[in-house]
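Trainee: The structure's right below; bear with me while I get my questions together.
Residue numbers (my numbering), protein chains in the order written: chain F, 92 to 163; chain L, 4 to 943.
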């Protein structure tokens, strides 16, 4: 463990679990890089029907501490 | 970063350098307005992964309508231009010049303190396995394909159709454990945890899709595994609704007589063969580690378990084998949505503790310019009408709507946009507000539910109060539902815009509410879950008070010996107790209870009873982890014969007398004692694994011992299935019984006998036992005090309720109060620890801020209030109280007062009040009346 840690985190995977972890961290003082292999976040959950309720994915650009596109 | 993945990882916890490989999208995200023209004109059709290949998408595509980011991508593998250098029609049709076929793969180095891996899972493919007939028989589908068939947004728009002849299927069968619990030909010797529940759900949903009374659903299973919260009730209800359950693995699937449907053959417990015809067969496919698991593990220097999931341990369930790298979701082990979300918060909690020192060093706080004063001004309204590509404009005449809006009083500016929500339009709106001196805005586009925050932010960015915008939903509530009536839709859109203008005319600036946050957490309950929560919070740097009712910490974990992975619980527990009691950030109070609570999220006050004396405390968030215990049975000669004992009692016995096992020649475990019945209609989740683990231990200590486990369904979900297989290999005998034919325990002379019907032998067997272990139901410790103190909810079984059973499994129904451990539902210790830390993460989201911002849509008392209190009882959030005040003559009156932090702005109070004594800001009766009048054309 290094002495002076860096206050940013790499969240590899933008499914339901990755989104939740990213939000928890970005909402409490950490800068998050959310890296997703496919062209959009959400994972497989949006393809499941009720009663697994459809996930409302928060608009990524609305979160100041959440970088999902390099350069923006 | 989309289309991106980890290429290399270097460094150590606190300071990693990660090289990210970013594959080209061939579409400039800044320029793409998601109009869809590229996909419309793209000539290359490929299977649509989102719909499991049931329909086609184009090489230029978005994953699905609501995908984030809503930007098209060109799939290089299939694009004709990318593969053959020809075509390029997308470049010609794109109205914004967003397509760029020259984009290259980029490599980007980022520096991070920690890494969380959540690569998800790979569904098992039944292709190539001949006995399932998936490749040969058109009406054999996978559960994921069936899921899309059931979906209203799916390729068949929710209409079930057989692939063979396009007819509706009446008889549908599900086959469970396809690619799970199977080491024959696969390495999947674990349970996928989710398939039983989704199959039951699909069967129940199928009933809703087909004509009543005509349809027939059958589930072929090995064990029905519904050990989650409320799952057992769902299973029981499905039986009552007529879903048929057959315990068998069909061994032959053949195409039906005329090429349609499926003929299934299976053998029952007695060895008798059965054959039946089904219109459709759904294969309940399991979850596998992601395809690139090995590659990812190598790049991240972490170890995998034998099933290629990330290797973790029960006491730190989200930590990989490399410090600073964590895992969540199905890559840890197969899990359902609630456990995935809880484990996500657990991983976040671990990261936040590791990087505690660096908190707030790299984050950016959004700052807005100062608001300009619009008080006393006449309204100058700007109306922006959206075409939404052609989503709206293909039905509604947007120009006519704009022209109409221009004619309305107060409207100073009207414009049409292709996409009102695009980034450049936000700049345009902001500039127009400045140039035209607008002080109110109407956006005629889509739903405020998803887009209002965006437009509010646009207003804030230039200093106009964010509550000066109103939306008219002319897409979801109009164009989408009236596609065939463009004229009527246009007329309706005009009325919707007129209503929004009527309302915004009466809008006035509102201020968001700021609540000061007390940076201190209260954890109630000093068991494993509570201690894990407190320890994590303290490591994150938050002051924590941990209270425990008993004199000792540890709770029910004090009576446990080993996890199913053979890890020693007492060693871990002792270390955790030491860490918690010596941590400077934790104040441990034993023999303490919480006796009173007031306040709301961020700012609670409470009263403690510390060993008889009262103490007042303040806290910003609370975690309830009050635990549970095993119930004591009143059957099977318990308390009458000391050879009959409960699961926890045998632990105590094994602890005090290690040689005791040598004296036993025959042991019988009886499962579901008091669980899954009318008294406790839920599954206690942990007992199957615990009994089997004990059986394995006894068998290893004394291989001569005969061990029988009498069960209803074995529920060793996820990788706990391995211990079930181990027990069978060691010769433990499993006999299934049903709720209607329970085992009978009796004494004959000095012998203890267990009689039950063995479904394999088809006769009653009598087992002589030296020891009978009863796996009794797990019950929560009394949760009523918390229901009363916090006004949170508990279910019929006494377990505290979560805010959302799937998406918010750790948050309670009250803001700022979180749940962990058995008070929420019975769970093994890894899940209890995980949930404790997840609750700590959720709580620290609140505690990390100095103030909490709440929107201004709150109820507010007016001079008309005479304190009749009708609204007090009706408020569902207990946000309204009655207060006394004195007027200038010293006369006492009563009126209501809203606790703004509790109010959700639902408006029930305003609707109940007979005299406009209470209104909801932003939705006053005056505003609502103006909208109704607008549509009735009485005003404007």
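In this text, a Cβ means the ideal position worked out from N, Cα and C, and glycines have one as well.
Using a Cβ-Cβ cutoff of 9 Å, what residues of the stretch 347-367 of chain L are near chain F? List them in chain order.
Mentor: Residues passing the 9 Å Cβ filter: 347, 348, 349, 350, 351, 352, 354, 355, 357, 358, 359, 360, 361, 362, 363, 364, 365, 366, 367.
Trainee: Could you tell me which residues DSSP puts in a beta bridge with residue 13 of chain L?
Mentor: On the second chain, residue 13 of chain L is found 10 positions in, with the first residue counted as 1. Residue 13 of chain L is bridged to L/20.
Trainee: If we define contact as Cβ-Cβ less than 7 Å, is residue 120 of chain F a contact residue for chain L?
Mentor: The residue given as residue 120 of chain F occupies position 29 in the first chain. With 7 Å as the cut-off, residue 120 of chain F counts as an interface residue toward chain L.
Trainee: Can you name the start and end residues of the beta strand (DSSP E) that residue 114 of chain L belongs to?
Mentor: One-based indexing of the second chain puts residue 114 of chain L at position 111. Segment 109-115, the beta strand (DSSP E) holding residue 114 of chain L.
Trainee: Looking at the unbroken beta strand (DSSP E) that takes in residue 278 of chain L, where does it start and where does it end?
Mentor: Position 275 of the second chain, counted from the start, is the residue given in the question as residue 278 of chain L. Residue 278 of chain L -> beta strand (DSSP E) spans 276-281.
Trainee: Can you check whether the C-beta of residue 85 of chain L is within less than 7 Å of a C-beta belonging to chain F?
Mentor: As a working mapping, residue 85 of chain L is identified with position 82 in the second chain. Not one chain F Cβ lies under 7 Å of residue 85 of chain L.
Trainee: According to DSSP, is residue 737 of chain L part of a helix, a strand, or is it coil?
Mentor: Position 734 of the second chain, counted from the first residue, corresponds to residue 737 of chain L. Residue 737 of chain L falls in the strand class under three-state DSSP.
Trainee: Counting only Cβ-Cβ distances shorter than 9 Å, please list the residues of the stretch 13-29 of chain L near chain F, keeping chain order.
Mentor: Listed by position along the chain: 14, 15, 16, 17, 18, 19, 21, 23, 25, 26, 28.
Trainee: In or out: residue 283 of chain L buried (at least 16 other Cβ within 10 Å) or exposed?
Mentor: The residue labelled residue 283 of chain L in the question sits at position 280 within the second chain. So residue 283 of chain L ends up on the buried side.
Trainee: Against chain F, does residue 4 of chain L count as a neighbour if the rule is that its beta carbon must be under 7 Å from one of theirs?
Mentor: Sequence index remark: in the second chain, residue 4 of chain L carries index 1 (1-based). Output row for residue 4 of chain L: interface = yes.
Trainee: For residue 454 of chain L, report the span of its alpha helix (DSSP H) as first-last.
Mentor: As a working mapping, residue 454 of chain L is identified with position 451 in the second chain. Unbroken alpha helix (DSSP H) run through residue 454 of chain L: 451-465.
Trainee: Starting from residue 915 of chain L, trace the alpha helix (DSSP H) in both directions and tell me its first and last residue.
Mentor: What you label residue 915 of chain L is simply residue 912 of the second chain in a count that begins at 1. Taken as a continuous stretch (DSSP letters only), the alpha helix (DSSP H) holding residue 915 of chain L covers 911-915.
Trainee: To the nearest angstrom, report how far apart residue 348 of chain L and residue 547 of chain L are at their CA atoms.
Mentor: As a first step, residue 348 of chain L must be located in the second chain, where it is residue number 345. As a first step, residue 547 of chain L must be located in the second chain, where it is residue number 544. Cα to Cα, the separation comes out at about 19 Å.
Trainee: If you measure between the beta carbons of residue 416 of chain L and residue 385 of chain L, is that distance less than 7 Å?
Mentor: As a working note, residue 416 of chain L is residue 413 in the second chain. As a working note, residue 385 of chain L is residue 382 in the second chain. Yes.
Trainee: Residues of the stretch 837-858 of chain L with a CB closer than 9 Å to any CB of chain F: list them in chain order, please.
Mentor: Flagged, chain order: 841, 844, 845, 847, 848, 849, 850, 851, 852.
Trainee: Give me the chain F residues within the contact set of residue 970 of chain L, using Cβ-Cβ distance strictly less than 9 Å, ordered along the chain.
Mentor: Look at the range of chain L in this structure, 4 to 943, and you will see that residue 970 of chain L is not part of it.
Trainee: So, with DSSP's three-state summary, where would you put residue 2 of chain L?
Mentor: In the structure displayed, chain L extends from 4 to 943; residue 2 of chain L sits before or after that span and is not available.
Trainee: Return the first residue and the last residue of the alpha helix (DSSP H) that residue 648 of chain L is part of.
Mentor: Working through the second chain from its first residue, we reach residue 648 of chain L at position 645. Careful: residue 648 of chain L lies outside any alpha helix (DSSP H), inside the beta strand (DSSP E) at 647-649.
Trainee: Can you have a look at residue 55 of chain L and say buried or exposed, based on whether 16 or more other CB atoms are within 10 angstroms of its CB?
Mentor: Sequence index remark: in the second chain, residue 55 of chain L carries index 52 (1-based). The residue is buried, with at least 16 neighbouring Cβ atoms inside 10 Å.
Trainee: Could you pull out every unbroken alpha helix (DSSP H) segment of at least 4 residues lying fully inside the stretch 110-177 of chain L, listed in chain order?
Mentor: Counting only runs of 4 or more, we get 146-153.
Trainee: Using only alpha-carbon positions, find the residue among L/864, L/844, L/493, L/820 that is nearest to residue 114 of chain F.
Mentor: What you label residue 114 of chain F is simply residue 23 of the first chain in a count that begins at 1. It is L/844.
Trainee: In the DSSP assignment, what residue or residues form a beta bridge with residue 476 of chain L?
Mentor: Against the second chain, residue 476 of chain L aligns to sequence position 473. BP columns for residue 476 of chain L point to L/448.
Trainee: Leaving out five residues on either side along the sequence, give the residues of the same chain with a beta carbon under 6 Å from the beta carbon of residue 892 of chain L.
Mentor: Taking the second chain and counting its residues from 1, the one referred to as residue 892 of chain L is at position 889. The answer is none, since no qualifying residue turns up.
Trainee: Does DSSP classify residue 933 of chain L as helix, strand or coil?
Mentor: Within the second chain, the letter at position 930 stands for residue 933 of chain L. Residue 933 of chain L: helix per DSSP, three-state reduction.
Trainee: According to the neighbour-count rule (16 or more other Cβ atoms, all chains shown, within 10 Å of its Cβ), is residue 245 of chain L buried or exposed?
Mentor: Within the second chain, numbered from 1, the residue matching residue 245 of chain L stands at position 242. Residue 245 of chain L is exposed by the Cβ-count criterion.
Trainee: Taking buried to mean at least 16 other C-beta atoms within 10 Å of its own C-beta, is residue 375 of chain L buried or exposed?
Mentor: Indexing the second chain from 1 puts residue 375 of chain L at position 372. Exposed: under 16 other Cβ atoms inside 10 Å.
Trainee: Would DSSP call residue 443 of chain L helix, strand or coil?
Mentor: Stepping through the second chain from its first residue, residue 443 of chain L is reached at position 440. In the structure shown, residue 443 of chain L sits in a strand (DSSP, three-state: E or B).
Trainee: Is the distance from the Cβ of residue 321 of chain L to the Cβ of residue 346 of chain L below 7 Å?
Mentor: Along the second chain, read from residue 1 onward, the residue named residue 321 of chain L stands at position 318. Along the second chain, read from residue 1 onward, the residue named residue 346 of chain L stands at position 343. Taking 7 Å as the Cβ cut-off, residue 321 of chain L and residue 346 of chain L qualify as a contacting pair.
Trainee: Does the distance from the C-beta atom of residue 630 of chain L to that of residue 559 of chain L stay below 7 Å?
Mentor: In the second chain, residue 630 of chain L corresponds to position 627, counting from 1. In the second chain, residue 559 of chain L corresponds to position 556, counting from 1. Going by C-beta atoms, residue 630 of chain L is nearer than 7 Å to residue 559 of chain L.
Trainee: Counting only Cβ pairs nearer than 7 Å, list the residues of chain F close to residue 141 of chain L.
Mentor: For the purposes of this step, residue 141 of chain L is identified with residue 138 of the second chain, where counting begins at 1. Within 7 Å Cβ-Cβ: nothing; residue 141 of chain L doesn't reach chain F, min ~22 Å.
Trainee: Name the residue from L/126, L/114, L/531 whose alpha carbon lies nearest to the alpha carbon of residue 78 of chain F.
Mentor: Here chain F comprises residues numbered 92 to 163, so residue 78 of chain F is not present and cannot be evaluated.
Trainee: Buried or exposed for residue 371 of chain L, going by 16 or more other Cβ atoms inside 10 Å?
Mentor: The count along the second chain starts at 1 and reaches residue 371 of chain L at position 368. Its Cβ having fewer than 16 others within 10 Å, residue 371 of chain L is exposed.
Trainee: Under 8 Å, with one C-beta from each stretch per pair, do the stretch 908-917 of chain L and the stretch 519-532 of chain L reach the 3-pair mark?
Mentor: With the cut-off at 8 Å, the stretch 908-917 of chain L and the stretch 519-532 of chain L do not touch.
Trainee: Ordered along the chain, which non-local residues of its own chain (more than five positions away) have a Cβ less than 8 Å from that of residue 849 of chain L?
Mentor: Here residue 849 of chain L corresponds to residue number 846 of the second chain, with the count starting at 1. Taken in chain order, the residues that qualify are 520, 604, 605, 623, 624, 819, 855.
Trainee: Looking only at C-alpha atoms, which of L/323, L/382, L/336, L/377 sits nearest to residue 354 of chain L?
Mentor: In the second chain, the residue the question calls residue 354 of chain L occupies position 351. For residue 354 of chain L, the nearest C-alpha among the options comes from L/323.
Trainee: Just checking: is the beta-carbon of residue 305 of chain L within a distance shorter than 7 Å of some beta-carbon in chain F?
Mentor: As a first step, residue 305 of chain L is located in the second chain; it is residue number 302 there, counting from the start. By this cut-off, residue 305 of chain L is not an interface position.
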